[in-house]
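Chains as they are written, first to last, in our numbering: chain U, 3 to 141; chain V, 617 to 724.
Just so you know, even glycine gets a beta-carbon here, dropped at the ideal spot from N, CA and C.
Okay, so here's the structure we're looking at.
Now the structure itself:
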């Protein structure tokens, strides 16, 4: 949780620098690739063309990288808001079930049996990786 | 092979696996994937960067700017402890998936 907040703050502060560094990283990749192809015997223009073709659309990849951060930022924000609302409602007694998880040991569960009104766990959780693995559409 | 030809999540797993060999920059990872797959996997190299961002964002890899052997500044990535755990779980999931496909295809 703490590292996620740190990451988000850092991204908010350094987003333009991050974009610039990503461009530099991609340029470095292309330069290395071009050099490698030239060492294999290609002329410089041919190597440059081939490197760019194999790399794909760098502008699109930069946008996709950026949207990765934004998507994760939104996902984290939704989780945090949901957690805050739930904790707040629970502490004011507005929710019929406790906000903390039930004791896990056998002795504790023998004393405090789970409430029949307790909602399924899935309703109280929001997957941290909701955006992970979902491919972004190419435009 | 374009990135969309891979099973979803496979590129992330391949990048994590590649980084078990040591710290690598983006171009090194692309080269490694190409060579280790005996030139079968030709991932569109630019598609590595959104994947690297995603992996770093989740804390599975860490990047650091350093001079490369040819004195060019490059970002080197390394696998984190969480990344190793993720790789183990993804590998298990992949085995399960390919096993199921093989059974459907009558290959197992």
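> Which residues of chain U have a Cβ atom closer than 7 Å to the Cβ of residue 642(V), listed in chain order?
Replying inline: Reading the second chain from its first residue, position 26 is the one you call residue 642(V). For residue 642(V), the chain U residues whose C-beta falls within less than 7 Å of its own C-beta are 27, 31, listed in chain order.
> Out of 650(V), 676(V), 672(V), which has the shortest C-alpha to C-alpha gap to residue 705(V)?
Replying inline: For the purposes of this step, residue 705(V) is taken as residue 89 along the second chain, with counting starting at 1. Comparing Cα positions, the closest option is 676(V).
> Is residue 687(V) buried or exposed, if buried means 16 or more other CB atoms sit within 10 Å of its CB?
Replying inline: Start at 1 with the first residue of the second chain, and residue 687(V) comes out as number 71. Exposed: under 16 other Cβ atoms inside 10 Å.
>> If you follow the beta strand (DSSP E) that residue 666(V) is in, where does it begin and where does it stop?
In response: If you number the second chain from 1, residue 666(V) lands on position 50. That residue, residue 666(V), is in no beta strand (DSSP E); its alpha helix (DSSP H) goes 664 to 673.
>> Less than 8 Å between CB atoms is the rule here; does residue 700(V) satisfy it with respect to chain U?
In response: Here residue 700(V) refers to the residue found at position 84 when the second chain is read from its first residue. No, its Cβ sits nowhere closer than 8 Å to a Cβ of chain U.
> What three-state label does DSSP hand residue 681(V) in the structure shown?
Replying inline: What you label residue 681(V) is simply residue 65 of the second chain in a count that begins at 1. DSSP places residue 681(V) in the strand class (E or B) of the three-state scheme.
>> Less than 8 Å between the C-beta atoms of residue 39(U) and residue 665(V), yes or no?
In response: Start at 1 with the first residue of the first chain, and residue 39(U) comes out as number 37. Start at 1 with the first residue of the second chain, and residue 665(V) comes out as number 49. Contact flag unset, no.
> Which one or two residues does DSSP pair with residue 641(V) in a beta bridge?
Replying inline: As a working mapping, residue 641(V) is identified with position 25 in the second chain. In the DSSP secondary-structure assignment, residue 641(V) is bridged to 692(V).
> What does residue 24(U) reach in chain V if we use C-beta pairs closer than 8 Å?
Replying inline: To locate residue 24(U), count along the first chain from 1; it is residue 22. Simply 665, 669.
>> Please report the straight-line C-alpha distance between residue 111(U) and residue 697(V), rounded to a whole angstrom.
In response: The residue labelled residue 111(U) in the question sits at position 109 within the first chain. The residue labelled residue 697(V) in the question sits at position 81 within the second chain. Low confidence applies here, because residue 111(U) scores a pLDDT of 39, under 50, leaving its location unreliable; read the following figure in that light. Computed Cα separation, rounded: 33 Å.
> Just by C-beta distance, which residues in the stretch 676 to 692 of chain V are closer than 9 Å to chain U?
Replying inline: Contacts with chain U (Cβ-Cβ distance below 9 Å) from the stretch 676 to 692 of chain V involve 679, 681, 684, 686, 688, 689, 690, 691, listed in chain order.
>> Under 8 Å, with one C-beta from each stretch per pair, do the stretch 635 to 652 of chain V and the stretch 28 to 37 of chain U reach the 3-pair mark?
In response: With the cut-off at 8 Å, the stretch 635 to 652 of chain V and the stretch 28 to 37 of chain U touch.
> Taking residue 679(V) as the reference, which of 625(V), 627(V), 632(V) has the closest Cα?
Replying inline: In the second chain, residue 679(V) corresponds to position 63, counting from 1. Of the listed residues, the one whose Cα sits closest to residue 679(V) is 632(V).
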